[in-house]
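In the numbering used here, the protein residues as written are 34 to 268. In what follows, a single structure is set out as structure tokens and then discussed.
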Ligand code: PEP
């Protein structure tokens with residue numbers, strides 16, 4: 034299974050090092066078989082020496098090698114650290130930073146050309162969820178417009194906006210129904226994200242078509258993230 038952590042605007046360079054050291058020790062000691070993805074802030078990126086099942090990626094990048102895009106990083110900065118995993122389309126970038134579907138698709142195309150592993154996020158806001166599953170699917174499929182769903186290094190994370198960082202996860206039934214419908218269109222691994230924590234991770238990982246979780250808040254504490262990995266190992 035895929036167990037992913039999005040640090041967002043949390044952790045420093047020092048605390049990221051300490052986190053990864055603890056995580057590596059845990060994975061080795063427990064001989065965990067999970068695929069782990071960690072997305073630290075750009076200030077904490079580095080050429081980490083970790084076992085191959087731990088993938089460190091960038092939370093965002095501009096689709097250029099280098100240039101005049103103040104505040105952004107491009108391929109040259111990522112390549113310096115030998116990283117080749119990226120998160121694209123996170124709801125905080127779409128909704129807080131105003132990233133359009135066209136820009137998400139442009140980023141996808143660029144980093145696909147660079148052979149990156151892409152964790153691509155989609156998810157509906159509350160007012161859409163309240164209209165029912167047909168509206169939910171229409172909204173989510175629009176966020177897949179322009180994305181090559183046959184790309185073999187694509188992972189799709191279904192993250193309802195109303196469940197992110199709110200402490201209110203989607204219900205097992207809602208996740209099951211949505212992932213089931215997404216699976217009819219998307220053959221890439223599907224993750225769920227939205228207030229997953231140590232108490233809920235087992236029932237979520239057991240949902241049909243759920244191949245992993247993308248975790249924010251509950252993953253920032255390394256012990257809690259390791260507990261989630263241990264639970265995944267027990268399934
Ligand atoms: C996320 O940022 O992708 C996320 C799922 O956050 P949280 O777990 O805090 O809801």
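No residue lacks a Cβ here, since even glycine has one placed at the ideal position from N, Cα and C.
Review point. Measuring CA to CA, which of 232, 192, 220 and 262 is closest to residue 13?
Key: This structure cannot settle anything about residue 13, because the visible part of the chain is limited to 34 through 268.
Review point. Residue 48 lies in the alpha helix (DSSP H); which residues open and close that run?
Key: Start and end: 46-63.
Practice item. Give every residue of the same chain whose Cβ lies closer than 7 Å to the Cβ of residue 110, excluding the five residues on either side of it in the sequence, and list them in chain order. Key: Cβ neighbours of residue 110 beyond the five flanking positions: none.
Practice item. Please go through the same chain and pick out, in chain order, the residues whose beta-carbon is closer than 8 Å to the beta-carbon of residue 251, but skip the five residues on each side of it. Key: For residue 251, where only same-chain residues beyond five positions count, the Cβ hits under 8 Å are 228, 229, 230, 231, 257, 258 and 261.
Check your understanding: Contact check, residue 189 vs residue 219 under 8 Å by CB: the rounded distance?
Key -> That pair is a contact at about 5 Å.
Check your understanding: Curious, which full-length alpha helix (DSSP H) runs of at least 4 residues does the segment 61-140 contain?
Key -> Those alpha helix (DSSP H) runs which fall completely within the segment 61-140 and span 4+ residues are 108-112.
Check your understanding: Given 8 Å as the limit, is there contact between the segment 77-84 and the segment 110-124, that is, 3 or more CB pairs closer than that?
Key -> Counting Cβ pairs under 8 Å, three or more are found: they touch.
Point to revise | For residue 205, the first and last residue of its enclosing alpha helix (DSSP H) | key: In the DSSP assignment, residue 205 falls within the unbroken alpha helix (DSSP H) covering 205-218.
Review point. Just the Cα atoms here: how many angstroms apart are residue 102 and residue 108?
Key: Residue 108 has its alpha-carbon roughly 12 Å from the corresponding atom of residue 102.
Review point. Can you tell me the Cα-Cα spacing of residue 131 and residue 62, whole angstroms?
Key: Straight across, the Cα-Cα distance linking residue 131 with residue 62 is about 42 Å.
Review point. For ligand 1, any of its heavy atoms closer than 7 Å to the Cβ of residue 118?
Key: Remark: the shortest separation between the CB of residue 118 and any heavy atom of ligand 1 does not fall under 7 Å.
Check your understanding: From this set, 176, 149, 142 and 148, which residue's C-alpha is nearest residue 157's C-alpha?
Key -> Cα-wise, what sits closest to residue 157 is 176.
Point to revise | DSSP-derived helix/strand/coil call for residue 232 | key: The DSSP-derived three-state label of residue 232 is coil.
**Study point:** Proximity winner among 121, 90 and 163, relative to residue 112 (alpha-carbon distances)
**Key:** When C-alpha distances from residue 112 are compared across 121, 90 and 163, the shortest belongs to 90.
Practice item. Below 7 Å CB to CB, which residues in the same chain sit around residue 162 once its five sequence neighbours on both sides are set aside? Key: The answer, listed in chain order, is 169, 193 and 195.
**Study point:** Presumed contact (8 Å Cβ cut-off) between residue 87 and residue 120, rounded CB distance
**Key:** Approximately 15 Å separates the beta-carbon atoms of residue 87 and residue 120; this is outside 8 Å, ruling out the contact.
Point to revise | Nearest candidate by alpha-carbon position, reference residue 266, set 245, 82, 255 and 197 | key: With respect to the C-alpha of residue 266, the residue from 245, 82, 255 and 197 having the closest C-alpha is 245.
Check your understanding: Buried or exposed: which applies to residue 93, given that a residue is buried once 16 or more other Cβ atoms fall within 10 Å of its Cβ?
Key -> Flag for residue 93 reads buried.
Check your understanding: Do the CB positions of residue 140 and residue 74 come within less than 8 Å of each other?
Key -> Taking 8 Å as the Cβ cut-off, residue 140 and residue 74 do not qualify as a contacting pair.
Check your understanding: Which of helix, strand or coil does DSSP assign to residue 150?
Key -> Correct three-state label for residue 150: strand.
Exercise for review: Alpha carbon to alpha carbon, how far is residue 66 from residue 128? Give it in angstroms, no decimals.
Suggested key: Taking the straight line from one Cα to the other gives about 35 Å.
Practice item. Go ahead and label residue 125 buried or exposed: buried means 16 or more other beta carbons lie within 10 angstroms of its beta carbon, across all protein chains shown. Key: The Cβ neighbour count for residue 125, taken over all protein chains shown within 10 Å, is at least 16; the residue is labelled buried.
Check your understanding: Buried or exposed: which applies to residue 100, given that a residue is buried once 16 or more other Cβ atoms fall within 10 Å of its Cβ?
Key -> Classification of residue 100: exposed, given that the 10 Å Cβ count is below 16.
Practice item. Kindly list the residues whose CB is nearer than 8 Å to the CB of residue 123, restricted to its own chain and excluding five residues on each side of it in sequence; keep chain order. Key: Counting only residues of its own chain and dropping the five nearest sequence neighbours on each side, residue 123 has a CB closer than 8 Å to the CB of 39, 92, 93, 154 and 192.
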